[in-house]
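Enquirer: Numbering (my numbering), first residue to last: 1309 to 1647. Glycine included, C-beta positions come from ideal geometry on N, C-alpha and C. None of these values were measured; they are calculated from a predicted model.
1) Identify which residue in 1386, 1555 and 1422 has its Cα closest to the Cα of residue 1406.
2) Comparing C-alpha positions only, which one of 1351, 1403, 1412 and 1321 sits nearest to residue 1381?
3) Report all residues from its chain with a CB closer than 8 Å to the CB of residue 1509; omit the five preceding and five following residues, and keep chain order.
4) Less than 7 Å between the C-beta atoms of residue 1489 and residue 1355, yes or no?
5) Does residue 1328 come out as helix, strand or coil in the three-state DSSP assignment?
6) Looking only at C-alpha atoms, which of 1473, 1514, 1383 and 1442 sits nearest to residue 1327?
7) Please report the residue range of the alpha helix (DSSP H) in which residue 1425 lies.
8) Under 8 Å, with one C-beta from each stretch per pair, do the stretch 1332-1350 and the stretch 1576-1585 reach the 3-pair mark?
9) Can the beta-carbon of residue 1397 be found closer than 7 Å to that of residue 1528?
10) Assign residue 1388 to one of two classes, buried (16 or more other C-beta atoms within 10 Å of its C-beta) or exposed (fewer than that).
11) Mapping DSSP to helix, strand and coil, what is residue 1620?
12) Could you check if residue 1620 is buried or exposed, using at least 16 other CB atoms within 10 Å of its CB as the buried criterion?
13) Sorted by chain position, which residues of the same chain lie with C-beta nearer than 6 Å to residue 1482's C-beta, five sequence neighbours on each side aside?
14) For residue 1609, which of helix, strand or coil comes out of DSSP?
15) Out of 1556, 1491, 1474 and 1578, point me to the one whose CA is closest to residue 1441's CA.
16) Grab the span of the alpha helix (DSSP H) containing residue 1488 for me, first residue to last.
17) Does DSSP put residue 1631 in a helix, a strand or coil?
18) On the CB-based measure, 16 or more other CB atoms within 10 Å of its CB, does residue 1616 come out buried or exposed?
19) Three or more C-beta pairs closer than 8 Å, one from the stretch 1493-1506 and one from the stretch 1587-1594: is that the case here?
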């Protein structure tokens, strides 16, 4: 099963923050750089995301409505139900991170990749992931404010203004400028991808540094981490089953069911980490931990499922021996053996 190299980089960044957390003036500098990086990230998201492509997918409204319902309705309901696991398996901060995980939009790249491997409806996966990201820019912060309330990072009118200025405004700016810079962004996709990932690493370092300075990590033990992994494994299993068998009950074809399963059961690390930094502030380190673990888990499990789905379509080899050809007759009526 694959281990995402980027997850290893994230873990290394967490280790660096644990060993050398930013303090004093360095912390202010890193925090300012992180704020700028988040704004730039969402500007790039806006510049990359084709609104027309996302909205064109509305012609297949049943499929995209199903994915959105899984992402922003079923997932949060399961997150709320997990409240009963506190304090048996989860601490309150870990539960808040788990609940935030259920509010994050779906992925784009990995949903497309796994749908393609499984021979599903790739155009539908593209539109579903794009539309989920578009909706999540607005809906995820609103759901977090409604469901987490003051227990997370202290949501308030000021927090919502910060979210608008740091996330929504740069995203909309990228969308407005997309006709002018879209080709440039597409041509330099690899370089800007490195900028994306480097920015997220900076966000993670800032969040975990602040958590170390504040002593937040003393709240987490190996037993609690084990409990979190068990809960997340159950959450992923339930969503994979619901998206597959639920789509079958709704009479979607096989290719559409594959797109629904992979787009409706995943959560975006790239969108979730910057959002958590803005929403949770000093508590962001514990808030992003469930998302980081879930991200790796979903990649490993979905890779196995995608290969099995592809294998299901492989025709069985024809081992039936060919019947001997009947002898033919020449013009004189004499039988001639088959060649």
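Expert: Looking at the coordinates:
1) 1386
2) 1412
3) 1317, 1318 and 1321
4) yes
5) coil
6) 1514
7) 1417-1425
8) yes
9) no
10) exposed
11) helix
12) exposed
13) 1351, 1354 and 1355
14) helix
15) 1578
16) 1477-1495
17) Summary for residue 1631: the model assigns pLDDT 46, below 50, so the residue's position carries little reliability; its value from the coordinates is reported in the next sentence. It is coil, neither helix nor strand.
18) exposed
19) no
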